[in-house]
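Residue numbers (the numbering used here): 1236 to 1585.
Just so it is clear, CB atoms sit at the ideal spot from N, CA and C, and this is done for glycine as well.
Okay, so here's the structure we're looking at.
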DNA sequence: AATACGGGGTT
DNA sequence: AACCCAGTATT
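In structure tokens:
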């Protein structure tokens, strides 16, 4: 065990990346980085981290912002509940804890959007508390090194790996230990074709000795995708278009979009042209274009989307849930990537 | 225990 | 196309 840790820390000392959130002890900044990095690669999240910290340097800055602005800053990063929960938690800290980030694991994990992983990360890195972080990297490194085939996405697996990770944890330097283990998984003990022959731990690695590297870790469930059909309406009148906010408990909650008709099946061009435009209870319109289908692929969904562009008369009566937005203001709204791409096609929203 | 929740990189 | 990424909340 000590051999494992000594080699790991030596490796970390030599090969760790420079990461902006490693240069601070500020729990707030560490928190932001950990939320951004949930299910997100460092390369994808780094710029967001810088912009977020620049706009919201402290937890009270974040707490006093409007959610729309937080979501706009998060646009394109995905899993938007992270941004909504971040904002809600900032308000909790500002209101209940005088703007001071809590320094106990039990308090930290009660905050919205913070689960076992993030609570352990903040507790260990910002406050040197002995809690092991267990993320995808840690599952991979531990399952291979110790040869554990319990599925990591089972209740039993979570229990076993949590126990093991906390056993292995260096209580004297938990923050360093956790980051070293995760960095090792991210750079050396990677999912596909890890370079085991030049790995400093291979002489005592169970998977390497038994040719099990490509079989570990074990994961039993696979996510399957389902289809959705989206028809967006770009409804123009003069210099304005119509937009709406997604408020349902569904994908992209609280983001904005072009008025949407969702169908449970694909619609033909003829059906699209014959279909009365929803959202308009009265008034003339003139369909000027129907886009190609754009296939938007997410982890658990495939969205087939088209846009219908139409001129609507000034006196059109619209559902009151729709917003009339001046074209030059479109970019102020947080929109899903899919909508952003459509707007770009029309040279709107930037 | 199972599913929803984004977007992008890698193989 | 499948898999994965410094996971969490909800059902």
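* For residue 1520, which of helix, strand or coil comes out of DSSP? -> Residue 1520 falls in the strand class under three-state DSSP.
* By the 10 Å Cβ neighbour count, where 16 or more other Cβ atoms means buried, how is residue 1473 classified, buried or exposed? -> exposed
* **Rounded Cβ spacing between residue 1401 and residue 1367 (contact assumed at less than 8 Å)** => 4 Å
* Since residue 1472 sits in a beta bridge, which residues does DSSP pair it with? -> 1475
* Beta-carbon proximity list for residue 1295, same chain, < 6 Å, skipping 5 on both sides -> 1329, 1334
* To do: Using three-state DSSP, classify residue 1274 as helix, strand or coil.
  => coil
* Can at least three beta-carbon pairs, one atom from the region 1452-1469 and one from the region 1539-1551, be found at a separation below 8 Å? -> yes
* In chain order, which alpha helix (DSSP H) runs of at least 4 residues are fully inside the region 1262-1335? -> 1262-1271, 1277-1290, 1294-1298, 1302-1309, 1316-1331
* Asked: Cα separation between residue 1311 and residue 1386?
  -> 32 Å
* To do: For residue 1539, name the three-state secondary structure that DSSP assigns.
  => strand
* So, residue 1456 versus residue 1388, is the Cβ gap smaller than 9 Å? -> In this structure, residue 1388 lies closer than 9 Å to residue 1456 by Cβ.
* Asked: Assuming residue 1365 and residue 1409 make a contact with CB atoms under 8 Å, what is their CB distance in whole Å?
  -> 5 Å
* Does the Cβ of residue 1274 have 16 or more other Cβ atoms within 10 Å, making it buried, or fewer, making it exposed? -> exposed
* To do: Under 8 Å by Cβ, that's how I've got residue 1573 and residue 1531 pegged, so tell me the actual separation to the nearest angstrom.
  => 5 Å
* Asked: First and last residue of the beta strand (DSSP E) that includes residue 1559?
  -> 1558-1561
* Asked: Closest to residue 1512 by CA distance: which of 1299, 1320, 1471, 1355 is it?
  -> Answer by Cα proximity: 1471.
* For the alpha helix (DSSP H) that contains residue 1360, what are its first and last residues? -> Looking at the DSSP string, the run of the alpha helix (DSSP H) that includes residue 1360 is 1351-1362.
* Asked: What is the DSSP secondary structure of residue 1566, counted as helix, strand or coil?
  -> helix
* Spell out a yes or no on whether the region 1473-1483 and the region 1285-1294 are touching, meaning 3 or more CB-CB pairs, one atom from each, closer than 8 Å. => no
* **residue 1583 versus residue 1451: straight-line alpha-carbon distance, rounded** => 47 Å
* To do: Along the alpha helix (DSSP H) that carries residue 1393, what are the first and last residues, could you check?
  => 1390-1403
* Inside the region 1404-1487 only - beta strand (DSSP E) runs reaching at least 3 residues -> 1461-1472, 1475-1480
* Paired residues, beta bridge with residue 1491 - DSSP -> 1480
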